[in-house]
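In my numbering, the protein residues as written are 20 to 322. Heads up, the beta-carbon is just placed ideally off N, CA and C, and yes, glycines get one too. The structure presented is a predicted model; accordingly, all values stated were derived computationally and were not measured. These notes are about the structure you will find just below.
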Ligand SMILES: NC(=O)c1ccc[n+]([C@@H]2O[C@H](COP(=O)([O-])OP(=O)(O)OC[C@H]3O[C@@H](n4cnc5c(N)ncnc54)[C@H](OP(=O)(O)O)[C@@H]3O)[C@@H](O)[C@H]2O)c1
């Protein structure tokens, strides 16, 4: 999702830049020698590292071994090979789940490694911390401009709509769309609906990433978010409005809620000159149009 968004942005705003893109089918980043060959052959000037094994709470809790080992290997292989081939600039993508479970809200950059992580996605978070630290160490040891961005929850065109393993917005959007098609009177939400979460439209993130690559001295890692959050129930209602679903929501309070509030402090990235431009309502409308287009073309992603 993020990689495709960066490509769309570069093609429309910076057509003079030659993009080098590889899908997983052409380059498995877990394979160190393949990665090394790729960098030696292509020798890019700059890298935006948007590959990862990504998933929701259930996927993270079920496959911690894969989430840790695949993500660490992809990151280390890529950072090491990039440096060996002379890449000047490397932007690693982490996530705000790198911050400790009980870090003060809103989450700010200095909270990294200040106390234990949330256990459900600890493996993924550890892998992201390794990638972030590798970039910081390369910068310190070799004076290479390797740095990281920590996006909040993302959504937008090209998201993954797997019925169990997807993130909050694609998961809800799919279920609410299906409830509308099947004329179901209610949709059940896990938990009390009160937890508050922050969401960023993926094209806003792409702009932030390209912007960060233009900074002469970016921070080692920086949050990319909106600083605004919404409750899960309010979010579900907004999605229902977008989809045109007229039914009700039932809350299954026997299911866990997770942390009551998760919001980033984006003041550092705002101070560099970037701000999000797409409001949630508009972002959801664009995302739903993309969802319907992909269903029509038979290309909806559900892996
Ligand atoms: N989505 C979010 O809410 C969110 C929030 C914060 C941070 N992020 C971060 O943003 C980045 C991009 O996430 P995304 O949402 O764009 O996820 P995505 O759509 O799943 O993109 C990740 C890409 O990495 C590829 N990949 C996975 N394993 C690979 C391997 N071994 N070799 C080569 N490619 C591999 C995937 O290919 P396949 O599709 O073939 O598996 C996919 O194309 C990730 O670093 C993620 O941690 C995402």
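For residue i, which beta-bridge partners are listed by DSSP?
i: residue 269; result: 207
i: residue 249; result: 216
i: residue 65; result: 108
i: residue 243; result: 170
i: residue 283; result: 126
i: residue 164; result: 108
Could you tell me how far apart the beta carbons of residue i and residue j are, in whole angstroms, since I believe they sit closer than 8 Å?
i: residue 208; j: residue 151; result: The Cβ separation is near 33 Å, so there is no contact.
i: residue 69; j: residue 107; result: That pair is no contact at about 18 Å.
i: residue 163; j: residue 230; result: Going by Cβ atoms, the distance from residue 163 to residue 230 rounds to 20 Å, so no, they are not a contact pair.
i: residue 95; j: residue 168; result: Not a contact, Cβ separation roughly 18 Å.
i: residue 176; j: residue 243; result: With 8 Å as the limit, residue 176 and residue 243 do not qualify as a contact, their Cβ atoms being about 18 Å apart.
Taking residue i as the reference, which of the options has the closest Cα?
i: residue 132; options: 33, 139, 144; result: 144
i: residue 41; options: 31, 67, 35; result: 67
i: residue 59; options: 83, 161, 32, 39; result: 39
i: residue 173; options: 46, 31, 303, 119; result: 303
i: residue 306; options: 295, 262, 216; result: 262
i: residue 267; options: 288, 181, 198; result: 198
i: residue 275; options: 76, 53, 178; result: 76
i: residue 121; options: 278, 30, 140; result: 278
i: residue 238; options: 210, 300, 139, 127; result: 127
i: residue 270; options: 211, 89, 27, 184; result: 211
i: residue 93; options: 258, 50, 247; result: 50
i: residue 297; options: 154, 27, 223, 109; result: 223
i: residue 31; options: 115, 260, 226; result: 226
i: residue 129; options: 115, 137, 28, 97; result: 115
Measuring straight from C-alpha to C-alpha, what distance separates residue i and residue j?
i: residue 135; j: residue 317; result: 43 Å
i: residue 79; j: residue 86; result: 7 Å
i: residue 170; j: residue 202; result: 36 Å
i: residue 73; j: residue 235; result: 30 Å
i: residue 206; j: residue 256; result: 11 Å
i: residue 124; j: residue 200; result: 39 Å
i: residue 218; j: residue 55; result: 35 Å
i: residue 25; j: residue 291; result: 19 Å
i: residue 147; j: residue 195; result: 32 Å
i: residue 187; j: residue 48; result: 27 Å
i: residue 300; j: residue 104; result: 43 Å
i: residue 111; j: residue 204; result: 44 Å
i: residue 245; j: residue 281; result: 12 Å
i: residue 140; j: residue 183; result: 16 Å
What are the boundary residues of the beta strand (DSSP E) that residue i is part of?
i: residue 33; result: Looking at the DSSP string, residue 33 is not in any beta strand (DSSP E), and its letter there is neither H nor E.
i: residue 196; result: Residue 196 -> not in any beta strand (DSSP E); alpha helix (DSSP H) instead, spanning 187-200.
In terms of residue numbering, what span does the alpha helix (DSSP H) encompassing residue i cover?
i: residue 83; result: 83-103
i: residue 144; result: 141-161
i: residue 307; result: 299-316
i: residue 222; result: 221-233
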